[in-house]
Amino acid sequence: MGAATLIYEARWLLASVVLAIWAVLKIKQYYRLRHFKGPFGTGWFEIWHGLAYLSGNPHLKFKEATDKYGPIARIGPNELMTTSLELLAHINGARNRYTRTRWFYIAARFQPNSDNILSELDDNIHTKRRAQMAGGYSGKENRELESSVDIHVAELVQLIRTKYCSTEIKTNPFDLAQKAQYLALDVISHIGFGEPFGMLLSDQDVNGYIKHADQGMNAIMYLWGLGLTELVLGTPLMHLLGPSDKAKTGFGAMTANTRKIISKRLEDDPGMTKGSDMLASWFRHGLDKEQLVTESILQLLAGAETAATSMRCIMLYLVTNPRVYAKLQAEVDAAVKDGRAPPYPSVVSNATQRQLPYLWACCKEGMRMHPPVTNSSQKKVPPEGDTVTVEGKTVYLPGGTNIGYCVWGLNRDQKIFGGDADCYRPERWLNEEDPKKLAQMNLAHEMLFSYGKYQCLGKPIALMEIGKTIFEVC
Numbered sequence: 020m021g022a023a024t025l026i027y028e029a030r031w032l033l034a035s036v037v038l039a040i041w042a043v044l045k046i047k048q049y050y051r052l053r054h055f056k057g058p059f060g061t062g063w064f065e066i067w068h069g070l071a072y073l074s075g076n077p078h079l080k081f082k083e084a085t086d087k088y089g090p091i092a093r094i095g096p097n098e099l100m101t102t103s104l105e106l107l108a109h110i111n112g113a114r115n116r117y118t119r120t121r122w123f124y125i126a127a128r129f130q131p132n133s134d135n136i137l138s139e140l141d142d143n144i145h146t147k148r149r150a151q152m153a154g155g156y157s158g159k160e161n162r163e164l165e166s167s168v169d170i171h172v173a174e175l176v177q178l179i180r181t182k183y184c185s186t187e188i189k190t191n192p193f194d195l196a197q198k199a200q201y202l203a204l205d206v207i208s209h210i211g212f213g214e215p216f217g218m219l220l221s222d223q224d225v226n227g228y229i230k231h232a233d234q235g236m237n238a239i240m241y242l243w244g245l246g247l248t249e250l251v252l253g254t255p256l257m258h259l260l261g262p263s264d265k266a267k268t269g270f271g272a273m274t275a276n277t278r279k280i281i282s283k284r285l286e287d288d289p290g291m292t293k294g295s296d297m298l299a300s301w302f303r304h305g306l307d308k309e310q311l312v313t314e315s316i317l318q319l320l321a322g323a324e325t326a327a328t329s330m331r332c333i334m335l336y337l338v339t340n341p342r343v344y345a346k347l348q349a350e351v352d353a354a355v356k357d358g359r360a361p362p363y364p365s366v367v368s369n370a371t372q373r374q375l376p377y378l379w380a381c382c383k384e385g386m387r388m389h390p391p392v393t394n395s396s397q398k399k400v401p402p403e404g405d406t407v408t409v410e411g412k413t414v415y416l417p418g419g420t421n422i423g424y425c426v427w428g429l430n431r432d433q434k435i436f437g438g439d440a441d442c443y444r445p446e447r448w449l450n451e452e453d454p455k456k457l458a459q460m461n462l463a464h465e466m467l468f469s470y471g472k473y474q475c476l477g478k479p480i481a482l483m484e485i486g487k488t489i490f491e492v493c
């Protein structure tokens, strides 16, 4: 009797054994996080978690879960979601051993088999890369940083004044959401490798970069929802399914153009001693050519989108709140009138705009109401597990558990922001009398750009760009 025949005759026994093993593993998985409550079925299956991503609004689904089940909710067999400020600060602390989860962060990999500072999972490599790249984000090594931002903020204002200002006889619709993306990409490409894309000057999505980046983000959302990030982005499939450098438009063209610029820079100046932009700084601190390409693409996609989203949302809440808008305009006008800020066509300095309290109350409140990044940024609990304190209660987190950040829930938390947390009210940042509560509010704001060892290196540049733009456009 052949082996095939024996297997066939024992098929039901084998199926029963496999089913029994699967059931034992599922029960064990459910049991280890049994003390965390969540939507129906989340302790057994990934269905709820996957559908949250496939809905296109996972941040709202996660908030619903934490609103109902508390500051730590179970959203999958091995997944938790939290709105706890103290827990998030603990997780991201420099000395803690929490790490990034592979299935989530591999989606930030834009080049096959090549990690960037966002997709890198090894903490030692990540820390080294941060140290190598930090100088490129500072004015010390990137001496033309602020002047480069000013050039493109001025271009935006000029575009509005010359092309989109309505008159008594004609209304000119102006898509600020689109122009904010143009501005952000021109800024990051300029300070990144010295050559802006020229989107504001041409008033168009050059090479379809924005269109294809949006399509790419939608694709990643589906990969998260279907649990396919590892299969597609962590295997040779990425070579087959990913964009080609030979493409005329979109992400492939962006990659090819970035590679071309970097190759030309290295050919003309092998030591990159002449430049004072990000590329020059990164190269001098040890990044090789392929690392320069990978990190540059990350800045173009992730860095530009977060700044653009912030500007769009801040302006949305300003123009829909006339009282607030008028109050901000009064502060801006006063700064120009008393000489703290220059009149058009010059651009307000970073030092000045950071000292305008109502401007920054409006910016903080806009980013609180609609955070620039709403994904869950999941981290993995260290193998030995961790005991933490959440709202005065001691909680044990088993090793290997994935725990995410419910950004929407945290920034609408009434315990931190008051009973009107769902309302846009910039004054909350200026009138809070309780120092402890104000510190919590400011820590929640910091979390928008991640925190501790994972804090976004581009945060100072983003805040500079946001503040200058809101000041000048208002």
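Heads up: the sequence shown runs through residues 20 to 493, numbered per the numbering used here.
From the three backbone atoms N, C-alpha and C, an ideal C-beta is built for every residue, glycine too.
The model shown is predicted, which means the values in this text are computed figures rather than measured ones.
TODO: Could you tell me which of 99, 39 and 203 sits nearest to residue 487, measuring between CA atoms?
DONE: 203
- [ ] Quick one: which unbroken beta strand (DSSP E) runs of 3-plus residues sit fully inside the segment 55 to 119? Chain order, please.
- [x] 91 to 95 and 98 to 101
TODO: Figure out for me which residue from 211, 175, 205 and 188 has the closest Cα to the Cα of residue 194.
DONE: Ranking the options by Cα distance to residue 194, first place goes to 175.
Task: Cβ separation of residue 328 and residue 78, assumed to be a contact under 8 Å, to the nearest whole Å - done: Actually they are not in contact, since the Cβ atoms of residue 328 and residue 78 sit about 12 Å apart, beyond 8 Å.
Task: Per-residue burial, residue 290 [other beta carbons within 10 Å of its own, 16 or more giving buried] - done: exposed
TODO: Run through the segment 376 to 452 for me and flag every whole beta strand (DSSP E) of 3 or more residues, listed as ranges in chain order.
DONE: The DSSP assignment places complete beta strand (DSSP E) segments of no fewer than 3 residues inside the segment 376 to 452 at 405 to 409, 412 to 416 and 421 to 424, in order along the chain.
Task: Cα-Cα separation between residue 217 and residue 309, rounded to whole angstroms - done: 25 Å
- [ ] Count the other C-beta atoms from every protein chain shown that fall within 10 angstroms of the C-beta of residue 397, then say buried if there are 16 or more, exposed otherwise.
- [x] Buried is the call here.
TODO: Note down, one range per segment and in chain order, each alpha helix (DSSP H) of at least 4 residues found wholly within the segment 293 to 379.
DONE: Taking only runs of at least 4 residues, the alpha helix (DSSP H) segments lying wholly in the segment 293 to 379 are 297 to 303, 308 to 317, 323 to 338, 341 to 356 and 369 to 372.
TODO: State the DSSP-derived secondary structure class of residue 157, mapped to helix, strand or coil.
DONE: coil
- [ ] Could you tell me which of 118, 458, 115 and 140 sits nearest to residue 127, measuring between CA atoms?
- [x] Among 118, 458, 115 and 140, the Cα nearest to that of residue 127 is on 140.
Task: Endpoints, alpha helix (DSSP H) assigned at residue 486 - done: 478 to 492
Open item on the list: Would residue 215 and residue 208 be called neighbours here (beta carbons separated by less than 7 Å)?
Closed with: Result yes, Cβ atoms of residue 215 and residue 208 sit closer than 7 Å.
Open item on the list: Within a Cβ cutoff of 7 Å, which residues of the same chain sit near residue 173, ignoring the five residues on either side of it in sequence?
Closed with: 364 and 366
Open item on the list: Let me check one thing: in DSSP terms, what residues is residue 467 bridge-paired to?
Closed with: 469
Open item on the list: Quick check on this structure: which residue in 472, 411, 395 and 417 has the alpha carbon closest to the alpha carbon of residue 405?
Closed with: 417
- [ ] Give me whichever residues DSSP pairs with residue 130 in a beta bridge.
- [x] 133
Open item on the list: Once DSSP output is grouped into helix, strand and coil, what is the label at residue 291?
Closed with: coil
TODO: Ignore the nearest five residues each way along the sequence and tell me which others in residue 121's own chain have a CB closer than 8 Å to its CB.
DONE: 140, 249 and 253
- [ ] Decide yes or no for the touch test of the segment 327 to 343 against the segment 447 to 462: beta carbon pairs closer than 8 Å, at least 3 of them.
- [x] no
Open item on the list: By the three-class DSSP mapping on this structure, what secondary structure does residue 454 have?
Closed with: helix
TODO: Hey, could you find the ends of the alpha helix (DSSP H) residue 146 is sitting in?
DONE: 142 to 152
Task: residue 212: first and last residue of the uninterrupted alpha helix (DSSP H) it sits in - done: Where residue 212 is concerned, the enclosing alpha helix (DSSP H) stretches over 195 to 212.
Task: Straight-line gap, residue 284 to residue 65 (C-alpha atoms, nearest Å) - done: 47 Å
Task: Cutoff 6 Å; reference residue 478; Cβ partners in own chain excluding five residues on either side - done: 468
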